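2 protein chains.
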Amino acid sequence: MSGKEIRRSMPLFPIGTVMQLTELTARQIRYYEEHQLISPARTDGNRRMFSLNDIDRLLEIKDLIDQGINMAGIKQLFLIKVQQQNKVETQTEKVKQELTDEQLRKLLRNELMHSGRNNRSTLRQGDMSRFFH
Amino acid sequence: MSGKEIRRSMPLFPIGTVMQLTELTARQIRYYEEHQLISPARTDGNRRMFSLNDIDRLLEIKDLIDQGINMAGIKQLFLIKVQQQNKVETQTEKVKQELTDEQLRKLLRNELMHSGRNNRSTLRQGDMSRFFH
DNA sequence: AAACCATGTTAGAAAATCTAACATATGATT
DNA sequence: AATCATATGTTAGATTTTCTAACATGGTTT
Numbered sequence: 003m004s005g006k007e008i009r010r011s012m013p014l015f016p017i018g019t020v021m022q023l024t025e026l027t028a029r030q031i032r033y034y035e036e037h038q039l040i041s042p043a044r045t046d047g048n049r050r051m052f053s054l055n056d057i058d059r060l061l062e063i064k065d066l067i068d069q070g071i072n073m074a075g076i077k078q079l080f081l082i083k084v085q086q087q088n089k090v091e092t093q094t095e096k097v098k099q100e101l102t103d104e105q106l107r108k109l110l111r112n113e114l115m116h117s118g119r120n121n122r123s124t125l126r127q128g129d130m131s132r133f134f135h
Numbered sequence: 003m004s005g006k007e008i009r010r011s012m013p014l015f016p017i018g019t020v021m022q023l024t025e026l027t028a029r030q031i032r033y034y035e036e037h038q039l040i041s042p043a044r045t046d047g048n049r050r051m052f053s054l055n056d057i058d059r060l061l062e063i064k065d066l067i068d069q070g071i072n073m074a075g076i077k078q079l080f081l082i083k084v085q086q087q088n089k090v091e092t093q094t095e096k097v098k099q100e101l102t103d104e105q106l107r108k109l110l111r112n113e114l115m116h117s118g119r120n121n122r123s124t125l126r127q128g129d130m131s132r133f134f135h
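These protein sequences, in sequence, are chains A and B. Note that the working numbering has the first sequence beginning at 3, numbered continuously upward. Note that the working numbering has the second sequence beginning at 3, numbered continuously upward.
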């Protein structure tokens, strides 16, 4: 349960890299943080460090902005998204409760093979699964 | 053939991030560059920017150093590695030449399904496929 | 011991990022 | 039309991060 791994939530990128990757300006990125659409980590020296998840989120934000949605709207959409997510999860829990051990094993095996863990979004795209080779 | 993608060769990480990820000091990283074991990109402002490939390589270097191999030895090993790689590739080429179109299609299909593109190393591990979730 | 190798440490300069403030274009509200 | 709010641009000054270059040092090799 230890060892060096890169997780989607690991803060790895400085704002300059994120600017390139998202084609957003530093001003925009900071503004979205100000409105709590993202919460990048900070170094000891107070520089923002972004994770892959942060970048995903920024791409989603960009998309929604392009669709004319404002800060408040985007915040709401994100809220709804987690709710949906939670709903799905408790639903899954419930189903699992009803399964026999044998059935459970099959289900888990299947779950591991497919679905890349949670990241299936309720909204549009914006995740980076399409990126890595 | 365009669009924003993250490639293993894209320079994304500043040296600070690489230090964390590899547990090498800045001094070490720069020293290895000096000896041409890596060639990180530079920003307009001359700051080093590392790709996933660079990080892989640094992890390999670290490993080889731990095994007591020196700069010259590592450089040689890397040289041999590309030669091996090239050999495999021309071999593959040759084989493909001899195939019918039908056979070729099958082979390509297979190649796409398995083997994550080139990164199977001749040496030990050191690639980051194990990292991402 | 002398030389060499890999790394540590330091100093001074330059680049990247930070916050805060003010500026401005666009669209909505009165 | 005048005003307001929103999202973003721009600037200034401070701080952090990274850079190169030089010198220091503990092990190895000769």
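Note that CB positions come from ideal geometry on N, CA and C, so glycine has one too. Since this is a predicted model, take the numbers as computed values, not measurements.
Rank Glu91(A), Leu26(A), Asn48(A) by C-alpha distance to the C-alpha of Arg59(A) and give the top, closest one. Here the closest residue by C-alpha is Leu26(A).
Look at the alpha carbon of Phe80(B) and the alpha carbon of Met12(A), and state the distance between them as a whole number of angstroms. In a straight line, the C-alpha of Phe80(B) is about 30 Å away from that of Met12(A).
Taking the runs of the alpha helix (DSSP H) that are 4 residues or longer, which of them lie wholly in the region 20–93 of chain A? Runs found: 28–36, 54–68.
Interface partners of Pro16(A) on chain B, CB under 7 Å: The answer, in chain order, is Pro16.
Measuring only between beta-carbons, confirm whether Thr19(B) sits less than 8 Å from chain A. The C-beta of Thr19(B) comes closer than 8 Å to at least one C-beta of chain A.
Residues near Ile71(B) in its chain [Cβ-Cβ closer than 8 Å; skip 5 each side]: Answer for Ile71(B): Leu79, listed in chain order.
6 Å Cβ shell around Asp56(B) - same chain, five flanking residues per side excluded: Here Asp56(B) has Ile40, Pro42 as same chain residues with Cβ atoms under 6 Å from its own Cβ, once five neighbours each way along the sequence are excluded.
Under 8 Å from the C-beta of Leu23(A): neighbouring residues of chain B: By Cβ distance, chain B contributes Lys6, Ile8, Leu14.
Alpha-carbon spacing of Gln87(A) relative to Arg50(B), whole angstroms: CA-to-CA, the gap between Gln87(A) and Arg50(B) works out to about 40 Å.
Can you give the Cα-Cα distance for Asp82(A) and Gly75(A), rounded to whole angstroms? Here the sequence assigns Ile to residue 82(A), which means Asp is not the residue at that position. Just so you know, the alpha carbons of Ile82(A) and Gly75(A) end up roughly 11 Å apart.
Assigned exposure category for Arg137(B) - 16 Cβ within 10 Å defines buried: Here chain B has residues from 3 to 135 only, and residue 137(B) is not among them.
Cβ-based neighbour list, Leu23(B), same chain, cut-off 7 Å, excluding 5 preceding and 5 following: The residues are Ile57.
By Cβ distance below 6 Å, which residues in the same chain neighbour His37(B) in space, the five residues on each side in sequence not counted? Closer than 6 Å at the Cβ level, and outside the excluded window around His37(B), lie Met73.
Cβ of Phe52(A) within 8 Å of Cβ of Val20(A)? Contact annotation: Phe52(A) and Val20(A) have beta-carbon atoms nearer than 8 Å.
Rounded separation between Arg119(A) and Glu100(B) - CA only: Note on Arg119(A): pLDDT 40, under 50, position unreliable in the model; no value is reported.
Is the beta carbon of Ile63(B) sitting closer than 8 Å to the one on Tyr34(B)? Yes.
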